[in-house]
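In my numbering, the protein residues as written are 99 to 375.
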C-alpha cells in the first residue's frame, strides 16, 4: 500500500461532479494521502465492495449511484438490485429498482439478452469494445448493474446469469458493482469463483484479517482505523481512502438536478425490460 504523505480527514462532505473528470464513468473512491481517487468504471469494469455494518459500504454505494445519475456527458442506464428492499427506495423514479427474486430472474434474463445483442452489434461494426463503437459516432448506453447485498442472491439461475455478465460484459459496456457485508469463499464459489472477475475492490473496515484477505490478499482492511468511510481501494494500485459522506436528504436534493424526462422514459418500461436505445 502506498505510503501516506498527508493526513486523511475523518470525514469529507459529498461534493463530486462527474462531468469535471475524464472518462466515461468516473467514480469517486475517496480522498487519499496523495489526493482524490477518481477512476473510470468503464475501464475497470467490475467492482466488489465489502465492509462490516456501519463501515461505510452503503454510503459509498449511494455516492457511486449518485455519480452515475449526475453524469451528463455519458449515456448511462442503472439497474439496482436492492435485496434489503428499503435501502434505495428513494431512487425508484431514477433507476430500475429490483427488490424481489422473481424480478431479479426476469432482469438478469433481460440483461443477458441485451449482452448478446450488444456483442452482435459490436461484431458487425468490427469493434472490440464499446469505446471503439462510440468513437465511430454510434450510440450505445453504458449499463451499470449494482447488487446489494450479493450474499442474499440465492437463486442459481441468477447466480449463473451474473457469472456470464461478469465474464462477457466488459466489452459490451455492461459494468457490475457488487456489495457484501462479509466476503467468504462459500459465497464466491456460488458465483463461479467470481472474485477473479472483479478487477476493482473497495474494502471498508472488516473484523479480521481473514475477511480482508478474501478480497485484498492482505490484512490491510482489518488494520485501518474503524472510521465510517475509511477503506482500502485496490485496482491499479492500493490506497487507504476516506469516502465522502452523502446524507439521504442531500441525495434527494441532488436528484432534482437530473433530467427527469429521459429518466421516466427509462423507468416506465415494463420492469422486466431494459431501457430502449
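Note that CB positions come from ideal geometry on N, CA and C, so glycine has one too.
Output the distance between the C-alpha atoms of residue i and residue j, rounded to the nearest integer angstrom.
{"i": "residue 255", "j": "residue 121", "result": "33 Å"}
{"i": "residue 166", "j": "residue 308", "result": "32 Å"}
{"i": "residue 240", "j": "residue 351", "result": "25 Å"}
{"i": "residue 172", "j": "residue 123", "result": "7 Å"}
{"i": "residue 129", "j": "residue 343", "result": "11 Å"}
{"i": "residue 311", "j": "residue 222", "result": "42 Å"}
{"i": "residue 170", "j": "residue 140", "result": "15 Å"}
{"i": "residue 338", "j": "residue 329", "result": "6 Å"}
{"i": "residue 174", "j": "residue 244", "result": "13 Å"}
{"i": "residue 322", "j": "residue 198", "result": "35 Å"}
{"i": "residue 77", "j": "residue 145", "result": "The requested residue 77 does not occur in the structure, where the chain is confined to residues 99 to 375."}
{"i": "residue 279", "j": "residue 230", "result": "36 Å"}
{"i": "residue 236", "j": "residue 158", "result": "32 Å"}
{"i": "residue 119", "j": "residue 143", "result": "17 Å"}
{"i": "residue 253", "j": "residue 152", "result": "27 Å"}
{"i": "residue 259", "j": "residue 211", "result": "10 Å"}
{"i": "residue 325", "j": "residue 110", "result": "12 Å"}
{"i": "residue 225", "j": "residue 347", "result": "43 Å"}
{"i": "residue 156", "j": "residue 345", "result": "11 Å"}
{"i": "residue 126", "j": "residue 340", "result": "10 Å"}
{"i": "residue 213", "j": "residue 272", "result": "8 Å"}
Could you give the first and the last residue of the continuous beta strand (DSSP E) run that contains residue i?
{"i": "residue 229", "result": "Run containing residue 229: none in the beta strand (DSSP E); it sits in the alpha helix (DSSP H), 228 to 233."}
{"i": "residue 126", "result": "124 to 130"}
{"i": "residue 298", "result": "298 to 302"}
{"i": "residue 328", "result": "328 to 332"}
Label residue i either buried or exposed according to how many other C-beta atoms from any shown protein chain fall within 10 Å of its C-beta, with 16 as the threshold for buried.
{"i": "residue 184", "result": "exposed"}
{"i": "residue 233", "result": "exposed"}
{"i": "residue 160", "result": "buried"}
{"i": "residue 107", "result": "exposed"}
{"i": "residue 318", "result": "buried"}
{"i": "residue 113", "result": "exposed"}
{"i": "residue 132", "result": "exposed"}
{"i": "residue 334", "result": "exposed"}
{"i": "residue 116", "result": "buried"}
{"i": "residue 228", "result": "buried"}
{"i": "residue 137", "result": "buried"}
{"i": "residue 208", "result": "buried"}
{"i": "residue 327", "result": "buried"}
{"i": "residue 354", "result": "exposed"}
{"i": "residue 277", "result": "buried"}
{"i": "residue 349", "result": "buried"}
{"i": "residue 294", "result": "exposed"}
Give me, in chain order, the residues of the same chain whose beta-carbon lies closer than 8 Å to that of residue i; leave out the 5 immediate sequence neighbours on both sides.
{"i": "residue 217", "result": "266, 269 and 270"}
{"i": "residue 163", "result": "176, 178, 186, 189, 193 and 244"}
{"i": "residue 251", "result": "179, 181, 202, 245, 257 and 260"}
Leaving aside the five residues before and after residue i along the sequence, list all residues of the same chain whose C-beta is less than 6 Å from its C-beta, in chain order.
{"i": "residue 196", "result": "179, 202 and 205"}
{"i": "residue 176", "result": "166, 193 and 242"}
{"i": "residue 313", "result": "148, 281, 299 and 301"}
{"i": "residue 305", "result": "150"}
{"i": "residue 248", "result": "276 and 278"}
{"i": "residue 296", "result": "144 and 146"}
Starting from residue i and walking both ways along the alpha helix (DSSP H), at which residues does that stretch end?
{"i": "residue 336", "result": "Careful: residue 336 lies outside any alpha helix (DSSP H), inside the beta strand (DSSP E) at 336 to 340."}
{"i": "residue 255", "result": "254 to 266"}
{"i": "residue 269", "result": "Looking at the DSSP string, residue 269 is not in any alpha helix (DSSP H), and its letter there is neither H nor E."}
Got a sec: is the Cβ-Cβ distance from residue i to anything in chain B below 8 Å?
{"i": "residue 278", "result": "Structure shown: chain B not included; a single protein chain is present."}
Discussion item. Going residue by residue through the segment 127 to 205, where are the continuous beta strand (DSSP E) segments of at least 3 residues, counting only ones entirely within it?
Written reply: 133 to 138, 145 to 148, 174 to 180 and 194 to 196
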